[in-house]
Every structure is written in C-alpha cells, then in structure tokens.
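Note that the protein sequences, when read in sequence, are chains A and B. If you count the first sequence from 1, you need to add 1406 to reach this note's numbering. If you count the second sequence from 1, you need to add 3 to reach this note's numbering.
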Amino acid sequence: KAGVTQTPRYLIKTRGQQVTLSCSPISGHRSVSWYQQTPGQGLQFLFEYFSETQRNKGNFPGRFSGRQFSNSRSEMNVSTLELGDSALYLCASSLASTGVGYTFGSGTRLTVV
Amino acid sequence: AQSVTQLGSHVSVSEGALVLLRCNYSSSVPPYLFWYVQYPNQGLQLLLKYTTGATLVKGINGFEAEFKKSETSFHLTKPSAHMSDAAEYFCAVSPDSGYALNFGKGTSLLVTP
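The following block contains the structure:
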C-alpha cells in the first residue's frame, strides 16, 4: 500500500515567485492536511481538506492557499514567496473524517533565496 | 485552544537505558493525544495514539505512553534505548471535534554507546 506521496522533494525558489506543492494521499483517504515545519516555529497547521472542502485553516497569511481535487489529491500554493517561507512542508492524510490517525508524507523542502 | 508542552528540548540516554520523554497537555475536553517520531530528512511517523479506552497505550518499536488525566500528562517511555531510536520526537493533541494537530516543540533524543 503506497504511502503519502509529496512532490517535489526539494525546491529552490527566488523571493517574489510563487510555488505549488503536490500531495497524493493514501488510496481511500479523503482528508488531507498541510503543515509547515521550521526550526523556529516548529510544526504549524496550515489547512485541512475533506472531500474537496476546506474545513479548517491555520493562522497563515492569504499568500498560502490550497485545494483538493475529486481524487483527494491536494495542492498548496504559496504566492509572493518570502525568505521566511523556507521550510519543510508536510502533507498528511487520514481515512477518518476527524483528526485521528494521520499518516504523513516525507515532505517538500522549500528554500527561498 | 488545546496545546502540548514537551519538557526538555534535548534528552540524552545511554544505549540500554530507560527512555522517558515528557509531554503535558492543556485541554478543556478529553483530547486525542499522539506521539510522532521524525528521522532526519523524513516526515513524521506515528508511534502511538490515545483516543479513548485503555490509558496505557503501546506503540511501535517498543514505545508506550500512559494517559494520566489527573496529571494532564502523556509521557513516552521505552525500557531499553537502541541507537536507532535517536531522532526527534513530537507530542501532539487534537480536539475531539477538530481536524488540526497541535504539536509540541519536539524533543531530540540522543542515544550514546
């Protein structure tokens, strides 16, 4: 059974650009969440989608957005990149409709220069 | 809002010694509690979780944790440390009706020969 797949694994972008990260959940999982991990702030919740609907959103600026497709795959987009957006972005999927039993992907390491 | 506090950002144990990683939670309702492990350049792997029922929870790799409501704690233990246990450990809490995991700052476990 394939795990949560995140692409790309590594990304280098220039300040001011935008970026799109992709997440393919475990087959059958309908809930997908995104987290940002930085040395200073730790793991912070970005947003969660269930059946193409955003159900919950963390305290991030509007430059951070996401969506979920009918096949449960999810993308997150960051526009007008800032140096502080450099982080490991983790995607997690769950079978259940509540936050129990999330499986995480290996993450996308974004570096903004 | 529910939160967790991990006591000790770095813990060092000798190989074969007891591992004890501390986590205290703040919650006004019975929470869901989790321990995750993260190896370098990887995502998060679920070690164990507490939802309801038995307060002593056994997880993978010989780890276990006990939910103590009176102490608002969910400490992670392992009787005998292995070199392969060296990693970053995160405690997390989820509201019973919410979808976001609130993570602690993490504890880096060092295992010495």
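For every residue, glycine included, the Cβ atom is placed at its ideal position computed from N, Cα and C.
- Taking a C-beta distance under 9 Å as the contact criterion, residue 1495/A and residue 1423/A do not qualify as a contact pair.
- Shown here for residue 1449/A: same chain residues with a beta carbon closer than 6 Å to its own, the five before and five after excluded, namely 1441 and 1443 in chain order.
- Taking the Cα of residue 1516/A as reference, the smallest distance to any Cα among 1498/A, 1490/A and 1507/A is reached at 1490/A.
- Of the candidates 1416/A, 1432/A and 1511/A, the residue whose Cα lies closest to the Cα of residue 1502/A is 1432/A.
- Annotation: residue 1429/A to residue 1412/A spans about 5 Å, alpha carbon to alpha carbon.
- DSSP places residue 104/B in the coil class of the three-state scheme, outside both helix and strand.
- Under the three-state reduction of DSSP, residue 1500/A is assigned to strand.
- For residue 1459/A, no CB of chain B lies under 9 Å from its own CB, so it is not counted at the interface with that chain.
- By the Cβ-count criterion, residue 58/B is exposed, with fewer than 16 other Cβ atoms from all chains shown falling within 10 Å of its own Cβ.
- Only those residues of the stretch 1414–1440 of chain A whose C-beta falls short of 8 Å from the nearest C-beta of chain B are listed: 1437 and 1439.
- The beta strand (DSSP E) runs of length 3 or more contained entirely in the stretch 1437–1478 of chain A are, from start to end of the chain, 1437–1444, 1448–1456, 1459–1463 and 1470–1474.
- Contact of residue 103/B with chain A by beta-carbon distance below 8 Å involves 1439, 1451, 1454, 1462, 1464 and 1505.
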